[in-house]
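Read through the structure below, which is laid out as structure tokens, and then see the notes.
Right under this line is the structure:
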């Protein structure tokens, strides 16, 4: 096949790929979960409570590769979708 520019165009058939019950697990290295935090940490002006903070927070490592084409909120939302169990409804994951 030739296109209007005179270049050869190879025919292709588009395909749809679907995943069902796909799971991906990565062991967390100990250096990420350990460490010392010093200073005054506040959330909305209130002192941080570690148990609550650990349940509601997430982070993106500086050495992770992030797309320059999406927002920080989109990155964090995607991270939540990957981390949270499937029993949690989609509306809660987006909050």
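Numbering (my numbering), first residue to last: 318 to 412.
The beta-carbon is built from N, C-alpha and C at its ideal position, and this holds for glycine as well.
Query raised in the report: If you draw a straight line from the alpha carbon of residue 338 to that of residue 344, how long is it in whole angstroms?
Result: 20 angstroms
Requested in this report: Identify, in the order they occur along the chain, each residue of the same chain with its Cβ nearer than 7 angstroms to the Cβ of residue 401, setting aside the five sequence neighbours on each side.
Outcome: 410
Report task. Whole angstroms is fine: what's the gap from residue 393's alpha carbon to residue 399's? Result -> 10 angstroms
Report task. Note down the Cα distance separating residue 366 from residue 397, rounded to an integer number of angstroms. Result -> 21 angstroms
Query raised in the report: Within this structure, are the beta carbons of residue 405 and residue 395 separated by less than 9 angstroms?
Result: no
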